[in-house]
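Report on the structure given below.
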Amino acid sequence: MREAILIFFVITLNGCSDSEIRVDQNRVDNAFNRTSLPFAVLGVGLDAKSPVFYSYGESNPDAVFEIASMTKAITSTAVMQLVEQGKIDLDISIESYLPEINQIQILNEDLTTRPRSKPITMRHLLTHTSGFAYSFNSMRIMKDLGISLGEWPQPEVVPEGVYDWGFNGPQPRQIFEAGDRWHYGRSLGIAGRIIERVSGLDLDTYFKENIFNPLGMNQSGYNLPENIRMNLLPMSMRDASSGEFVPMPSMRPIPMNNFYGGGDLLSTPRDYIRFLQCLVNGGELEDVRILSNNSVELFFTNQLPEGMTLSHPLTEFIDRSPNADQRTVFDDKDTHSFAWTIEANPNERGRRPQGVGAWSGIFNTYYTVDRDRGIALVAFMQLFPFNDGEAYELYREFEDLVYESLDK
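Count the sequence shown with this note's numbering and you get residues 13 to 420, in order.
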């Protein structure tokens, strides 16, 4: 029998020594022990109080993970900082910041292209209503690139020195007019390029100066010092035939010189939960404010047009994944804020209430944020494919245990 090693951490911050969350440790242990996962870090913080972490296998809250699309909420935060400074307008064409975006056309079903007729705004980018998709969740783009579903993922890495508006791979195309519907994609990559253009800083520097350093997130960034990067946990992939985990090389270039606002950040559970707690606390943590409460409110409320929901699931990608879970952090009843999905399904499984925010990264990292209850929750693993059944179930079971402990 595989033995899980629990490391229980309580961080003391400014004299606060009690998280006020009493999750049944044995039940958390049992939830992990039922899996074949090589390691995991689960963490929860209440309001601005000290978070509690549960670490299994060769992991701990200071282990470094590739957080992939969990980068997006950080990019959204940077955008809203610049909105507050009057440097970005949510509702004007992004051609004002990136004139070269006017080269982009719409890719039709028959793979012909047509000029777009509607402007793309920052509001479209933050809500994934811009018309930009990923190759893995658009069969149209796959056909245009000449790849099949079974051939994905391909290393879509931008050659160093190529400035690409935030896209990895060929020149981007929209698959519909901006504002027509929701479709998850590369929008935050373009938002990252706009941050660089209007701030005069590369994305790595901007994040450090305006988010990471103020919050004490000293183990987060695109390029980390060797003494921190050495704590990067190994990536693994679940073998399609055996179900066993096998080593998988990282696709991140080291060092990284092209910074993508939609992914690629390295961080730790300890750092990332501080970021989430800051937002749950209205943009302030330990007397450090990085965002106004009014801006944070836009992260916790639906920002889609009336009647629009997350109508495009990731099932093309998930269906073929070994041990995949058909559920994801969102479904077609949910909506989207400027940072993450907003739970809106009245029949959602478990104890997650409506109005809660959640998102994930492709390597099975997850988070939940509940401003009403003051909850910031993370579940960090480091494996592929996305939404591994055991990984997702562990995340949701831990989430249920947290809510159960608060409801007692």
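The beta-carbon is built from N, C-alpha and C at its ideal position, and this holds for glycine as well.
Just so we're clear, the structure is a prediction, and the values are computed from it rather than from any experiment.
Can you grab the Cα-Cα spacing for the pair Thr353 / Val341, in whole Å? On the sequence shown, position 341 is the one that residue 353 refers to. On the sequence shown, position 329 is the one that residue 341 refers to. Their backbone Cα atoms lie some 8 Å apart in a straight line.
Quick check on the burial criterion: 16 or more other C-beta atoms within 10 angstroms. Buried or exposed for Thr89? In the sequence shown, residue 89 corresponds to position 77, counting from 1. Label assigned to Thr89: buried.
Who are the near neighbours of Thr125 in its chain, counting only those whose CB is closer than 8 Å to its CB and skipping five residues on each side? Stepping through the sequence shown from its first residue, residue 125 is reached at position 113. For Thr125, where only same-chain residues beyond five positions count, the Cβ hits under 8 Å are Gln117, Ile118, Leu119 and Arg185.
Kindly give me the distance between the Cβ atoms of Lys130 and Glu189, rounded to whole angstroms, as I take these residues to be in contact under 8 Å. Here residue 130 refers to the residue found at position 118 when the sequence shown is read from its first residue. Here residue 189 refers to the residue found at position 177 when the sequence shown is read from its first residue. 5 Å between Cβ atoms; contact.
Whole angstroms is fine: what's the gap from His136's alpha carbon to Ser142's? Along the sequence shown, read from residue 1 onward, the residue named residue 136 stands at position 124. Along the sequence shown, read from residue 1 onward, the residue named residue 142 stands at position 130. A direct Cα-to-Cα measurement between His136 and Ser142 gives close to 5 Å.
Sort out for me which residues DSSP pairs Gln186 with in a bridge. As a position in the sequence shown, residue 186 is number 174, starting the count at 1. According to DSSP, Gln186 bridges with Ile118.
Considering only residues of the stretch 51–110, which uninterrupted beta strand (DSSP E) runs meet the minimum length of 3 residues and lie entirely inside it, listed in chain order? Fully enclosed beta strand (DSSP E) runs of 3 or longer: 52–58 and 64–68.
Beta-carbon within less than 6 Å of Leu200's beta-carbon, same chain only, minus the 5 sequence neighbours each way: which residues are those? In the sequence shown, counting from the first residue as 1, residue 200 sits at position 188. Counting only Cβ-Cβ distances below 6 Å, and skipping sequence neighbours, we find Lys84, Thr87, Gly273 and Gly274.
Expressed to the nearest angstrom, what Euclidean distance is found between the alpha-carbon atoms of Glu9 and Leu322? The question about residue 9 has no answer, for the chain in this structure spans 13 to 420.
Asp400 to Asn376, Cα distance in whole Å? Numbered from its first residue, the sequence shown carries residue 400 at position 388. Numbered from its first residue, the sequence shown carries residue 376 at position 364. Those two C-alpha atoms are separated by around 7 Å.
Suppose contacts are defined by Cβ-Cβ distances below 8 Å. Is Val381 in contact with Leu288 by that definition? By one-based count along the sequence shown, residue 381 stands at place 369. By one-based count along the sequence shown, residue 288 stands at place 276. Contact: yes.
Using C-beta distances below 6 Å, list every residue in its chain close to Thr133, excluding the 5 sequence neighbours before and after it, in chain order. Translated into positions along the sequence shown, residue 133 becomes position 121. Here the set comprises Asp103.
Selected residue, minimal CA-CA separation from Ala356, among Phe350, Asp343 and Phe65: Taking the sequence shown and counting its residues from 1, the one referred to as residue 356 is at position 344. Residue Asp343 is the option with its Cα nearest to Ala356.
Below 7 Å CB to CB, which residues in the same chain sit around Gly294 once its five sequence neighbours on both sides are set aside? Taking the sequence shown and counting its residues from 1, one reaches residue 294 at position 282. If we look at Gly294 and ignore the five residues flanking it on each side, its Cβ neighbours are Asn305 and Val308.
Taking Cβ positions, are Leu395 and Arg250 nearer each other than 8 Å? Here residue 395 corresponds to residue number 383 of the sequence shown, with the count starting at 1. Here residue 250 corresponds to residue number 238 of the sequence shown, with the count starting at 1. Cβ distance < 8 Å, so Leu395 and Arg250 count as in contact.
Taking the beta strand (DSSP E) that Ile8 belongs to, which residues open and close that run? The structure shown does not extend to residue 8, since the chain is modelled only from 13 to 420, so the question has no answer here.
Ordered along the chain, which non-local residues of its own chain (more than five positions away) have a Cβ less than 6 Å from that of Gln231? Position 219 of the sequence shown, counted from the start, is the residue given in the question as residue 231. The answer, listed in chain order, is Ile240, Thr280 and Asp283.
Between the C-alpha atoms of Gly69 and Leu389, what's the straight-line distance to the nearest angstrom? For the purposes of this step, residue 69 is identified with residue 57 of the sequence shown, where counting begins at 1. For the purposes of this step, residue 389 is identified with residue 377 of the sequence shown, where counting begins at 1. Their backbone Cα atoms lie some 19 Å apart in a straight line.
On the three-state DSSP scale, how would you describe Ser279? The residue you call residue 279 lines up with position 267 of the sequence shown. Of the three classes helix, strand and coil, the one that applies to Ser279 here is strand, per DSSP.
Cβ-Cβ distance between Phe312 and Arg363 below 8 Å: Taking the sequence shown and counting its residues from 1, the one referred to as residue 312 is at position 300. Taking the sequence shown and counting its residues from 1, the one referred to as residue 363 is at position 351. Phe312 places its beta carbon 8 Å or farther from that of Arg363.
By the DSSP assignment, the alpha helix (DSSP H) with Asp400 in it spans what residues? Counting from one through the sequence shown, the residue named residue 400 turns up at place 388. Unbroken run through Asp400: none, as it is neither H nor E.
Should Phe392 and Ala60 be called a contact, given that it needs their Cβ atoms to be closer than 8 Å? Along the sequence shown, one-based indexing puts residue 392 at 380. Along the sequence shown, one-based indexing puts residue 60 at 48. Not a contact, by the Cβ cut-off of 8 Å.
In its own chain, which residues sit with a C-beta less than 8 Å from the C-beta of Asp156, not counting the 5 before and 5 after it? Within the sequence shown, numbered from 1, the residue matching residue 156 stands at position 144. Same-chain partners within the cutoff: Leu119, Leu123 and Arg185.
Spatially closest choice to Gln315 from Gly204, Phe65, Gly369 and Asn270, by CA coordinates: Looking up residue 315 in the sequence shown gives position 303. Considering only Gly204, Phe65, Gly369 and Asn270, the residue with the shortest C-alpha distance to Gln315 is Gly369.
Roughly how many angstroms separate the alpha carbons of Asp346 and Ile387, rounded to a whole number? In the sequence shown, the residue the question calls residue 346 occupies position 334. In the sequence shown, the residue the question calls residue 387 occupies position 375. Asp346 and Ile387 have their C-alpha atoms roughly 19 Å apart.
Once you ignore the five residues that flank Asn235 on each side, which residues in its own chain have a CB closer than 7 Å to its CB? Sequence index remark: in the sequence shown, residue 235 carries index 223 (1-based). For Asn235, same chain residues with a beta-carbon under 7 Å away, outside a window of 5 residues either side, are Asp216, Pro267 and Met268 in chain order.
Glu208 by DSSP, collapsed to three states: which one? What you label residue 208 is simply residue 196 of the sequence shown in a count that begins at 1. Residue state, collapsed to three classes: helix.
Going by beta carbon distance, what residues of the same chain come within less than 6 Å of Val300, once the five residues before and after it are set aside? Looking up residue 300 in the sequence shown gives position 288. Excluding five sequence positions before and after Val300, the CB atoms of its chain that fall closer than 6 Å to its own CB belong to Pro226, given in chain order.
Measuring only the C-alpha atoms, how far is Met151 from Pro246? Start at 1 with the first residue of the sequence shown, and residue 151 comes out as number 139. Start at 1 with the first residue of the sequence shown, and residue 246 comes out as number 234. If you take the alpha carbons of Met151 and Pro246, they lie about 31 Å apart.
DSSP three-state label for Phe410, please. As a position in the sequence shown, residue 410 is number 398, starting the count at 1. For Phe410, the secondary structure class from DSSP, reduced to helix, strand or coil, is helix.
Whole-angstrom distance between Phe398 and Gly373, CA atom to CA atom: The sequence position of residue 373 within the sequence shown is 361, counting from 1. The sequence position of residue 398 within the sequence shown is 386, counting from 1. Phe398 has its alpha-carbon roughly 8 Å from the corresponding atom of Gly373.
Within the continuous alpha helix (DSSP H) that includes Phe44, where are the two ends? For the purposes of this step, residue 44 is taken as the residue at position 32 of the sequence shown. Here the alpha helix (DSSP H) through Phe44 covers Gln37 to Asn45.
Close beta carbons around Glu409, own chain, < 6 Å, minus the five adjacent residues each side: As a working note, residue 409 is residue 397 in the sequence shown. Within the same chain, and ignoring the five residues on either side of Glu409 in sequence, the residues whose Cβ sits closer than 6 Å to its Cβ are Ala43.
Could you check what DSSP says for Lys420 in three-state terms: helix, strand or coil? For the purposes of this step, residue 420 is taken as the residue at position 408 of the sequence shown. In this structure, DSSP gives Lys420 a state outside helix and strand, which the three-state scheme calls coil.
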